[in-house]
Amino acid sequence: MHTPHHTPSRLRHAPGMSLMEVLIVCAISAVLAALLFPSLSRATAAARTVKCAGNLRQLFIAVQGFRNDNNGLLPGSMSAGSLWPQRIAPYLGVTLSGTDIPGAPPCPDTPFLCPAVYADSEPRRSYAFNSRLQDNNLNTDDPAIGIALPSQTVLIADARNTSWFQSQANASFRHDHKMANFLMADGHVEKMDSAAANARPYDVFIRGLAN
């Protein structure tokens, strides 16, 4: 009886990558990462700037709600003991913790916290109210907030290490290309750098007066 002889099949082994090929792949990956990282960083920074502008628009709506319930009084007025974030927080549906202490950080994930605040060396409060408007006796029920040129006057802005916005030195130009977001008194948001902000006429930009 003939027993068939089975010849073992030969296993085919795929050739492995040489050290040189591995190094080439790693080099290509590094180049691609270097090319993509700046684009991703710019996209992330742009997203933070957009979210910050959205925060400021929400704060404007809350300010308007506060004024409607308080005979036109601005929340930045010194006539009451609480700080402006505490006064408008109910209109945003948020509860603040510890903000009765000047410089205390606001609760996370609220319009009071700028997503780019990490860029400040000592981040405390993200935004500041233009308290210089109170020099104009704006505690009235004037629907135009008593500001001559609302579209050119800052109401709330990116700021650092302060609870008040008393001068350009307190602004925080923490966004991409050293920009800051400024909420103007008519509700729109402008992005500008320090030079552009300082070039604005002080009496109009800060005090809300006519030229």
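Read left to right, the sequence shown gives residues 154 to 364 (this note's numbering).
Glycine included, every Cβ here is placed at the ideal spot set by N, Cα and C.
Any chain C beta carbon closer than 7 Å to residue i
| i | result |
| --- | --- |
| Leu266 | Checking the listed chains, one finds no chain C in this structure; it contains a single protein chain. |
Beta-carbon spacing of residue i, residue j below 7 Å
| i | j | result |
| --- | --- | --- |
| Ser304 | Asp346 | no |
| His330 | Ala269 | no |
| Phe265 | Val307 | no |
| Ile177 | Val216 | no |
Pairwise C-alpha distance: residue j and residue i
| i | j | result |
| --- | --- | --- |
| Leu236 | Val342 | 22 Å |
| Ala363 | Cys267 | 31 Å |
| Ala198 | Ile181 | 26 Å |
| Ile214 | Asn223 | 14 Å |
| Pro354 | Ile300 | 14 Å |
| Tyr244 | Ser284 | 20 Å |
| Lys344 | Lys204 | 13 Å |
| Asn323 | Glu174 | 55 Å |
| Asp311 | Ser279 | 6 Å |
| Gln239 | Ser325 | 22 Å |
| Ala349 | Cys179 | 45 Å |
| Ala200 | Ile309 | 20 Å |
| Lys220 | Leu286 | Note on residue identity: the sequence assigns Arg, not Lys, to residue 220. Computed Cα separation, rounded: 14 Å. |
| Ala352 | Leu226 | 29 Å |
| Gly246 | Gly218 | 12 Å |
| Arg313 | Thr202 | 16 Å |
| Pro302 | Thr263 | Per the sequence presented here, residue 302 reads as Leu, with Pro not at that position. One C-alpha to the other measures close to 29 Å. |
| Asn290 | Asp356 | Low confidence applies here, because Asn290 scores a pLDDT of 48, under 50, leaving its location unreliable and the question unanswered by this model. |
| Leu172 | Thr248 | 59 Å |
| Ala196 | Ala183 | 20 Å |
Rounded Cβ spacing between residue i and residue j (contact assumed at less than 8 Å)
| i | j | result |
| --- | --- | --- |
| Phe282 | Gly361 | Wrong, their Cβ atoms sit about 13 Å apart, outside the cutoff. |
(request) Answer yes if the region 329-336 comes into contact with the region 202-210, meaning at least three C-beta pairs across the two stretches below 8 Å, and no otherwise. (result) yes
(request) Would you mind listing the beta strand (DSSP E) stretches within the region 305-353 that are 3+ residues and don't spill past its ends, in chain order? (result) 307-311, 332-337, 342-346
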